[in-house]
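Asks: All residue numbers for the sequence shown refer to full-length UniProt numbering, where the first residue is 1 and numbers rise by one.
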Amino acid sequence: MIQLKTKRLRIVPLTTEQLGEYIKKPQADEHMAQALNEMYNGCVEHPKDWLWYTNWLIYLNSDNTPIGSLGFKGCPVNGAVEIGYGIDEPYQNQGYATEAVKAMLAWAFGHQGVYFVTAETEKDNAASIQVLKKNGFAPAGEGKEGPLWELEKPVTSCMAIYMCLGFSVGLSFGAAFKNIGVGFSIGMCIGLALGAAIDAQDRATRERLKKERQ
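Pasting the structure below:
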């Protein structure tokens, strides 16, 4: 079973069956009840992508106490997903939401094709805004339910990685043919070319998705 772990938390997604039972429990407000029903419907309609729709429960590592939940509002669209989160009142203002959101962001950006994570929050919800700011989100206009915030996937350079890989392969190649210099040069050139091509493709994809989302 998939789960995310942080220094203080364990984050576990409810299966579709578990979510079906979970929504039968009384909820604190109608908004939450509606959100959970939408999550369940999303899981049922998209069984292969249920992790993007379900409710992820947040537990304390120390005593396994459930303290809140978070999740995404569907599969990536034009490279973007929307995140929502909430911490039970007794556990608020202790950094748990920031910690949980950080873990979920890493999980989301680990999927190919996900370049942006968005979130909406109420204008006067200072605590929620702080969670977003601490995780690097920036204002991105107005959403359907309030101010819209957005985080773009950090840009990483594949050139250095592939240069190192090419270096290793080149040394092995050179040793096999008893010419380290030639092997090193060939490996470095191949690694440099591959890394540069992948980086260029990543930049082009980001620009295309930005235009599609405007």
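Yeah, the Cβ is synthetic: ideal placement off N, Cα and C, and Gly gets one too.
#1: Just to confirm, is the Cβ distance from Arg10 to Tyr40 under 8 angstroms?
#2: Checking the sheet assignment: what are the DSSP bridge partners for Pro139?
#3: Mind checking whether Leu14 and Leu70 have CB atoms under 8 angstroms apart?
#4: Restricting to Cα atoms, I'd like to know which of Arg203, Glu38, Glu17 and Lys123 is closest to Pro154.
#5: Excluding the five sequence neighbours on either side, which residues of its own chain have a C-beta within less than 7 angstroms of the C-beta of Arg213, listed in chain order?
#6: Tell me which residues share the same chain as Thr98 and place their Cβ nearer than 7 angstroms to its Cβ, disregarding the 5 neighbours each side in the sequence.
#7: Count the other CB atoms within 10 Å of the CB of Met1; is the residue buried (16 or more) or exposed (fewer)?
#8: As a quick exercise: from Asn93, Cys75 and Asp124, pick the residue whose alpha carbon is nearest that of Phe116.
#9: Whose C-beta lies closer than 8 angstroms to the C-beta of Leu105 among residues of the same chain, with five residues either side of it excluded?
#10: Can you give me the C-alpha to C-alpha distance between Tyr53 and Glu30, rounded to a whole angstrom?
#11: So, helix, strand or coil for Ala80, using DSSP?
#12: I'd like the span of the alpha helix (DSSP H) that includes Trp107, first residue to last.
#13: Under the rule that 16 or more other beta-carbon atoms within 10 Å means buried, what is Gly68, buried or exposed?
Replies: On the basis of the data shown:
#1: The Cβ atoms of Arg10 and Tyr40 do not sit closer than 8 angstroms to each other.
#2: Answer is Trp149, bridged to Pro139.
#3: Note that the C-beta distance between Leu14 and Leu70 is not below 8 angstroms.
#4: Ranking the options by Cα distance to Pro154, first place goes to Arg203.
#5: The residues are Asn78 and Ala80.
#6: Cβ-Cβ distances below 7 angstroms link Thr98 to Val131, Lys134 and Asn135 in the same chain, with the five nearest sequence neighbours on each side left out; the list follows chain order.
#7: So Met1 ends up on the exposed side.
#8: Closest in C-alpha terms to Phe116, from the list Asn93, Cys75 and Asp124, comes Cys75.
#9: Ile83, Val117, Asn135 and Leu151, listed in sequence order.
#10: When only Cα atoms are considered, Tyr53 and Glu30 end up about 19 angstroms apart.
#11: When secondary structure is reduced to three states using DSSP, Ala80 falls in the strand class.
#12: Residue range Tyr96 to Phe109 is occupied by the alpha helix (DSSP H) that includes Trp107.
#13: Answer is buried; the Cβ neighbour count reaches 16.
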